[in-house]
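Participant:
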Amino acid sequence: MLSSSASLCFLMHAAPPPLRTFGWQMSMTVEEAATIWGLQRNRQTGRAQVLPNVFGWDTEEVVTRVERRDGPSLGIVLEEIGSAEDIGLVLVDSCVDGGNAAAASLPLLPGDLMVAVANAGGPALCVEALPYDATIAALGSLDPSQPVELTLRRLVKLPRCAVTLKFAASENRADEQFELLGGMPLRRSILSKGIKLNDPLARRFDAGWGTGDCGGEGTCCTCAVDVIEGTEVLNGQGSQERQMLSKHPSWRLACKASIVNIEQDTRLVLKVAPRQEVDETERDSAFNERA
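Going by UniProt numbering, the first residue of the sequence shown is number 1, and it counts up by one from there.
1) Since residue 178 sits in a beta bridge, which residues does DSSP pair it with?
2) DSSP has residue 157 in a bridge; who is on the other side?
3) Select from 261, 252 and 262 the residue whose C-alpha is nearest the C-alpha of residue 273.
4) Over what stretch of residues does the beta strand (DSSP E) that includes residue 267 continue unbroken?
5) Tell me which residues share the same chain as residue 53 and place their Cβ nearer than 6 Å to its Cβ, disregarding the 5 neighbours each side in the sequence.
6) As a quick exercise: from 187, 126 and 86, pick the residue whose alpha carbon is nearest that of residue 138.
7) Go ahead and label residue 97 buried or exposed: buried means 16 or more other beta carbons lie within 10 angstroms of its beta carbon, across all protein chains shown.
8) Only counting the same chain, and skipping five residues up and downstream in sequence, which positions put a Cβ closer than 7 Å to that of residue 187?
9) Tell me, which residues are paired with residue 64 by DSSP?
10) Which residue marks the beginning of the alpha helix (DSSP H) containing residue 192, and which one marks its end?
11) Using the three-state DSSP reduction, which class does residue 40 fall into: helix, strand or coil?
12) Buried or exposed for residue 275, going by 16 or more other Cβ atoms inside 10 Å?
13) Taking residue 139 as part of the alpha helix (DSSP H), name the residues at either end of that continuous run.
14) At the level of alpha carbons, what is the spacing between residue 227 and residue 172?
15) Going by DSSP, name the residue or residues bridged to residue 226.
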C-alpha cells in the first residue's frame with residue numbers, strides 16, 4: 001500500500017485537519033469507511049466498481065464545486081486503502097484546513113469516494129476504482145486555472161430494525177438478535193438466520209386437522225409469532241390473517257409480515273411459537289376454531 005495520505009498532504013502544502021462532521025452525517029473515519037466499501041469487477045463489462053459490501057448501507061452521489069481561490073491546489077487529502085493491478089480503492093480522508101476544498105459548495109466527508117472529476121462545464125474523467133497514482137494524474141490533468149467539479153459517492157446508513165426473538169421458557173434458550181431493513185419479509189429473514197420458526201404442534205387452519213408447514217402460503221398458522229413490541233413496524237394484516245388469529249390480536253403470521261419502510265432506527269420484539277405458552281385449556285382450540 002502506498003503512503004498516499006502523506007504524499008498528497010505534501011502536494012497540498014499542509015497537514016490534514018482533525019475529523020469533522022457535517023449536518024446529519026454520522027461521524028466516520030476513512031478507516032471505518034474502508035471496511036464498508038467493496039471493490040469489484042463486472043465480469044461482463046470488465047468495469048471495476050466500488051459499492052458497499054456490508055449489510056445496511058446504501059450510497060448517494062453528490063456533485064461539489066471547488067473554486068481555486070487560493071492557488072491551484074485543491075487541498076484534498078486522499079488515502080489509498082488498497083490496489084491490485086489497474087484498480088484501487090481511494091477515499092477522501094480530509095480537507096486541508098483553509099484550503100480550496102474546505103470551502104467547496106458541498107462538504108467532502110471522510111470516506112467519500114471520487115467517481116468523476118472535471119473542470120466546471122467540461123468533460124468528466126472517470127476515476128472510480130482507479131489506484132492512487134492514476135487518480136492524482138486525472139486531477140493533475142485538469143486546467144489549474146478553472147474550478148473543479150467532483151462527483152462523490154457517499155455512504156448512507158439505512159435505518160435498521162433491531163429484532164429480538166424470545167423463546168418459550170421451556171426451551172431454556174437465549175434470545176436471538178439481528179437487524180432487518182425496510183421491506184424485508186419476516187419469515188424468510190428469520191429462517192435465513194438458521195432459526196427454526198414453525199411450531200410443529202400448531203394445527204393447520206386450512207384443513208382444520210393435522211399439523212404441518214404450508215410453506216409460507218399463510219394457511220397453516222405454524223409460523224405465528226407474538227408481537228411484544230413494535231407492532232407499528234410491521235405491515236398491516238389481511239382479512240384472512242386477521243380471521244385466523246382473531247383469538248390472539250397481538251399475534252402475526254411471520255409469512256405474511258414484513259418490515260415497513262422505516263425512516264429511523266426502531267425495535268421489534270417477538271415471541272416465537274407463542275402457542276406453547278397458551279393455557280392448556282386453550283391449546284386444542286387456539287388455531288383450529290374458525291371465527
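Ideal placement from N, C-alpha and C gives every residue a C-beta, glycine not left out.
Small disclaimer: the values here were computed from a predicted structure and weren't measured.
Facilitator: Checking against the coordinates, here is how it stands:
1) Looking at the DSSP assignment, residue 178 forms a beta bridge with 163.
2) 57
3) When only C-alpha atoms are compared, the closest one is 252.
4) 266-272
5) 38
6) It is 126.
7) Exposed, because fewer than 16 other Cβ atoms sit within 10 Å of the Cβ of residue 97.
8) 197, 216, 223, 254 and 255
9) 150
10) 186-192
11) strand
12) Result: buried.
13) 132-140
14) 20 Å
15) 251 and 271
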